[in-house]
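Below is one structure, written out as structure tokens, with a few remarks after it.
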Amino acid sequence: MNNGKYKFGMIGLGVMGRNLLLNLADHGFAVVGFDLDAQKAATLETTASPGTTVKGVTTLAELVLQLEKPRKIMLLVPAGKPVDAVIESLLPLVEENDIIIDGGNSHYTDTLRRVKYLEEKNIHFMGMGISGGEHGARTGPSIMPGGDINAWNNLKPLLQTVAAKVNNEPCVAYMGKDAAGHYVKMVHNGIEYAIMQLISEVYDVLKRGIKLNNDELHAIFEQWNEGELQTYLIEITSNIFLQKDESTRNDLVDMILDKAGSKGTGKWTSQDAMDLGIPVPAIDIAVAMRDLSSYKSERVAASSVYKSAVKQIASKKEPAIKQLHDALYFSSIICYAQGLAMLHKASSELKMDIPLSDVVKVWRGGCIIRSSLLETFYKAYKKNKQLSNILLDKNISKLLKKKEKNMRSAVKLALQGKIPVAGMMSALSYFDAYCSERMPVNLIQAQRDYFGAHTYERIDREGKFHTVWDVS
Ligand code: 6PG
Numbered sequence: 001m002n003n004g005k006y007k008f009g010m011i012g013l014g015v016m017g018r019n020l021l022l023n024l025a026d027h028g029f030a031v032v033g034f035d036l037d038a039q040k041a042a043t044l045e046t047t048a049s050p051g052t053t054v055k056g057v058t059t060l061a062e063l064v065l066q067l068e069k070p071r072k073i074m075l076l077v078p079a080g081k082p083v084d085a086v087i088e089s090l091l092p093l094v095e096e097n098d099i100i101i102d103g104g105n106s107h108y109t110d111t112l113r114r115v116k117y118l119e120e121k122n123i124h125f126m127g128m129g130i131s132g133g134e135h136g137a138r139t140g141p142s143i144m145p146g147g148d149i150n151a152w153n154n155l156k157p158l159l160q161t162v163a164a165k166v167n168n169e170p171c172v173a174y175m176g177k178d179a180a181g182h183y184v185k186m187v188h189n190g191i192e193y194a195i196m197q198l199i200s201e202v203y204d205v206l207k208r209g210i211k212l213n214n215d216e217l218h219a220i221f222e223q224w225n226e227g228e229l230q231t232y233l234i235e236i237t238s239n240i241f242l243q244k245d246e247s248t249r250n251d252l253v254d255m256i257l258d259k260a261g262s263k264g265t266g267k268w269t270s271q272d273a274m275d276l277g278i279p280v281p282a283i284d285i286a287v288a289m290r291d292l293s294s295y296k297s298e299r300v301a302a303s304s305v306y307k308s309a310v311k312q313i314a315s316k317k318e319p320a321i322k323q324l325h326d327a328l329y330f331s332s333i334i335c336y337a338q339g340l341a342m343l344h345k346a347s348s349e350l351k352m353d354i355p356l357s358d359v360v361k362v363w364r365g366g367c368i369i370r371s372s373l374l375e376t377f378y379k380a381y382k383k384n385k386q387l388s389n390i391l392l393d394k395n396i397s398k399l400l401k402k403k404e405k406n407m408r409s410a411v412k413l414a415l416q417g418k419i420p421v422a423g424m425m426s427a428l429s430y431f432d433a434y435c436s437e438r439m440p441v442n443l444i445q446a447q448r449d450y451f452g453a454h455t456y457e458r459i460d461r462e463g464k465f466h467t468v469w470d471v472s
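Numbering (my numbering) for the sequence shown: 1 to 472.
Here it is in structure tokens:
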């Protein structure tokens with residue numbers, strides 16, 4: 001009988017795949033990794049901790065042969081066609097009841113298709129989001145598996161062992177049916193984009209508006225990270241200001257070209273939110289600003305046409321810094337609120353049954369958007385599992401009310417200095433609109449009916465109405 005001694009196999013030994021395997025090995029699991037690149041397979045073995053059981057192979061047949069049944073094989077290869085190609089190569093080698101896990105950032109519709117395809121062959125397939133970057137994979141990531149429940153039950157002990165821990169609770173849980181794991185990871189990344197955008201806006205106001213230098217910026221973000229804004233992204237931001245450029249010895253951050261890249265998960269979140277009809281403007285703006293940043297030469301030309309120099313902000317430094325702190329806190333909550341509201345809607349519309357309290361529980365540690373705020377959100381969902389928007393939670397409303405005044409002041413400050421803060425402005429406008437008992441869209445309905453007879457509803461009786469707008 002073929003029953004190999006290795007507990008877990010990995011396909012793709014890039015740094016994420018290798019680190020995750022080494023993490024598993026450190027926790028006592030015998031692991032085997034495959035890569036076509038013999039160098040990568042060898043590096044897996046040479047970087048393993050002493051006393052662990054780690055093997056690198058260069059053929060899929062070897063990998064499959066070495067694994068205990070039912071085999072557990074994870075793919076960490078680029079999203080898209082490579083995932084399908086690997087699955088096709090694996091199919092002649094694996095058997096019914098084996099488990100294949102896609103740990104990359106695949107689009108959830110691809111995952112949905114693969115779940116159905118492999119279900120027909122009695123292969124258990126899971127789409128699994130993994131967050132935390134290279135370091136997280138090695139020391140404890142946040143893990144978002146979804147799909148085949150049998151696969152989850154089988155993998156649960158292993159995943160719980162390697163995931164990050166918060167209050168001794170592992171940052172892994174079942175995220176729901178079908179493609180829920182990848183869906184939750186996609187929205188995680190959307191929130192990641194939105195918060196990064198906000199931090200960059202605050203940085204801009206502090207640097208160009210208030211004229212702080214990088215040492216001061218480091219100190220401010222470090223201090224913020226020790227308080228209520230404790231967030232992984234703020235922590236790394238504070239560190240970034242200390243890094244020197246090896247070749248020039250200047251601060252590295254100042255040597256980096258202002259064009260933001262992206263692999264697309266933020267855009268996918270916005271696109272899908274539009275399809276679902278759920279507003280996530282903080283994420284839309286973050287994607288748009290990354291896109292705008294790529295038009296560098298046009299921006300240079302426009303800055304000369306409009307002589308758009310930033311103005312130094314007149315306000316005193318300390319109050320301005322406090323306002324920006326509170327604005328970042330306020331608008332970050334809005335980003336999470338939008339992303340979580342999207343998951344709430346997707347859960348029912350796409351029939352994935354996403355447990356939101358488990359989502360925020362898993363996001364408390366290991367992932368890129370981890371923050372002390374997640375504990376507050378976790379409490380909110382523990383109180384009300386069906387909460388459609390965290391802004392409706394009493395505790396969260398108290399936090400927002402405390403910061404609202406400074407949020408508005410910070411936006412004014414930025415506008416005074418001609419510093420773009422589209423993320424903050426959109427967060428505030430979302431808040432104002434969400435809290436508006438009456439929005440001005442009665443006028444939009446009137447216009448639609450005026451030019452297109454699209455009808456409108458009335459505030460005083462049920463039904464659809466059309467008017468012949470004959471007032472010209
Ligand atoms: C994570 C990250 C990760 C992704 C980055 C890069 O959770 O560990 O989300 O999955 O590599 O977000 O994304 P962009 O290149 O699109 O910024």
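The beta-carbon is built from N, C-alpha and C at its ideal position, and this holds for glycine as well.
Please return the same chain residues whose Cβ sits closer than 8 Å to the Cβ of residue i, not counting the five positions on each side in sequence.
{"i": "ALA25", "result": "VAL31, ALA48, SER49, THR52, THR53, VAL54"}
{"i": "LYS296", "result": "LEU257, ASP258, LYS259"}
{"i": "ASN154", "result": "PRO70, LYS72, ILE99, HIS124"}
{"i": "MET439", "result": "ALA433"}
{"i": "ASP358", "result": "ALA173, TYR174, MET175"}
Smallest Cα separation from residue i: which of the options?
{"i": "PRO420", "options": "ALA427, VAL411, LEU428", "result": "VAL411"}
{"i": "LYS385", "options": "LYS418, LEU356, GLY4", "result": "LEU356"}
{"i": "MET352", "options": "MET74, ILE234, ASP178, LYS207", "result": "ASP178"}
{"i": "ASN122", "options": "ILE99, GLU349, ASP393", "result": "ILE99"}
{"i": "LEU217", "options": "THR46, ALA79, MET10, LEU324", "result": "LEU324"}
{"i": "VAL166", "options": "ASP393, GLY365, ASP470", "result": "GLY365"}
{"i": "GLU265", "options": "ASP245, VAL86, HIS188", "result": "According to the sequence displayed, residue 265 carries Thr and not Glu. The shortest C-alpha separation from THR265 is found at HIS188."}
{"i": "TYR203", "options": "ALA320, GLY261, LEU91, THR111", "result": "ALA320"}
{"i": "ARG71", "options": "ILE191, VAL94, ASP215, ILE333", "result": "VAL94"}
{"i": "ILE333", "options": "LEU373, GLN312, VAL300", "result": "LEU373"}
{"i": "ALA337", "options": "THR231, LEU158, ILE396", "result": "ILE396"}
{"i": "GLU88", "options": "THR46, SER304, ASN97, ARG114", "result": "ARG114"}
{"i": "TYR306", "options": "ASP35, ASP254, LYS418", "result": "LYS418"}
{"i": "VAL184", "options": "LYS402, PRO78, THR111", "result": "THR111"}
{"i": "GLY209", "options": "GLU119, VAL310, SER247", "result": "VAL310"}
{"i": "GLY181", "options": "ASN168, GLU169, GLU201, TRP152", "result": "TRP152"}
{"i": "LYS402", "options": "LEU413, ASP326, MET342", "result": "ASP326"}
{"i": "LEU36", "options": "MET342, HIS344, VAL86, ASN19", "result": "VAL86"}
{"i": "LYS316", "options": "SER409, ASP291, ALA79, ASN23", "result": "SER409"}
{"i": "GLU222", "options": "LYS207, LEU242, VAL205", "result": "LEU242"}
Counting only the same chain and skipping the five closest in sequence on each side, list residues whose C-beta sits under 6 Å from that of residue i.
{"i": "PRO281", "result": "SER426, TYR430"}
{"i": "GLN197", "result": "ALA286, MET289, GLY423"}
{"i": "MET521", "result": "This structure cannot settle anything about residue 521, because the visible part of the chain is limited to 1 through 472."}
Quick one: measure Cβ to Cβ for residue i and residue j, integer angstroms, because I've assumed they're closer than 8 Å.
{"i": "ALA163", "j": "SER131", "result": "No, ALA163 and SER131 are not in contact; Cβ-Cβ is about 11 Å, not under 8 Å."}
{"i": "ILE149", "j": "ILE369", "result": "With a Cβ gap of about 26 Å, ILE149 and ILE369 do not count as contacting."}
{"i": "LEU76", "j": "MET16", "result": "5 Å"}
{"i": "ILE220", "j": "LEU328", "result": "About 11 Å; that fails the 8 Å criterion."}
{"i": "MET128", "j": "ASP102", "result": "7 Å"}
{"i": "GLY104", "j": "MET126", "result": "That belief does not hold up - the Cβ atoms of GLY104 and MET126 are roughly 12 Å apart, past 8 Å."}
{"i": "TYR381", "j": "VAL360", "result": "6 Å"}
{"i": "LEU67", "j": "TYR6", "result": "5 Å"}
{"i": "ASN250", "j": "SER238", "result": "Contact doesn't hold; Cβ gap of about 18 Å is too wide."}
{"i": "MET12", "j": "LEU65", "result": "This sequence places Gly at residue 12; Met is not what is there. The pair is not a contact, with the Cβ atoms about 18 Å apart (cut-off 8 Å)."}
{"i": "PHE330", "j": "GLU375", "result": "With a Cβ gap of about 18 Å, PHE330 and GLU375 do not count as contacting."}
{"i": "TYR232", "j": "SER371", "result": "7 Å"}
Looking at residue i and the ligand 6PG, is the gap between the Cβ and the nearest heavy atom below 6 Å?
{"i": "ASN105", "result": "yes"}
{"i": "GLY417", "result": "no"}
{"i": "ILE189", "result": "Note that residue 189 corresponds to Asn in the displayed sequence, not to Ile. Flag set: Cβ of ASN189 near the ligand 6PG."}
{"i": "GLY133", "result": "yes"}
{"i": "ILE368", "result": "yes"}
So, is residue i buried or exposed, given that buried needs 16 or more other C-beta atoms within 10 angstroms?
{"i": "LEU443", "result": "exposed"}
{"i": "TYR108", "result": "buried"}
{"i": "LEU415", "result": "exposed"}
{"i": "ALA302", "result": "exposed"}
{"i": "HIS135", "result": "exposed"}
{"i": "SER348", "result": "exposed"}
{"i": "PRO157", "result": "exposed"}
{"i": "ALA137", "result": "buried"}
{"i": "VAL83", "result": "buried"}
{"i": "ASP470", "result": "exposed"}
{"i": "VAL300", "result": "exposed"}
{"i": "ASN2", "result": "In this prediction, ASN2 has a pLDDT of 48, which is less than 50 and means its spatial position is unreliable; what the coordinates show is noted afterwards. Per the 10 Å Cβ criterion, exposed."}
{"i": "CYS335", "result": "buried"}
Enumerate in chain order the residues of its own chain whose CB-to-CB distance from residue i is below 7 Å, with the five nearest sequence positions on each side excluded.
{"i": "HIS466", "result": "ASP449, ALA453, THR455"}
{"i": "THR269", "result": "MET186, VAL187, ASN189, GLY190, VAL280, ILE283"}
{"i": "ILE240", "result": "VAL253"}
Sorry if obvious, but does the Cβ on residue i come closer than 6 Å to a heavy atom of the ligand HEM?
{"i": "SER262", "result": "What this structure holds is the ligand 6PG, not the ligand HEM."}
Hey, does residue i have any beta-carbon neighbour from chain B nearer than 7 Å?
{"i": "LEU91", "result": "Reference to chain B is not applicable here, since this structure consists of a single protein chain."}
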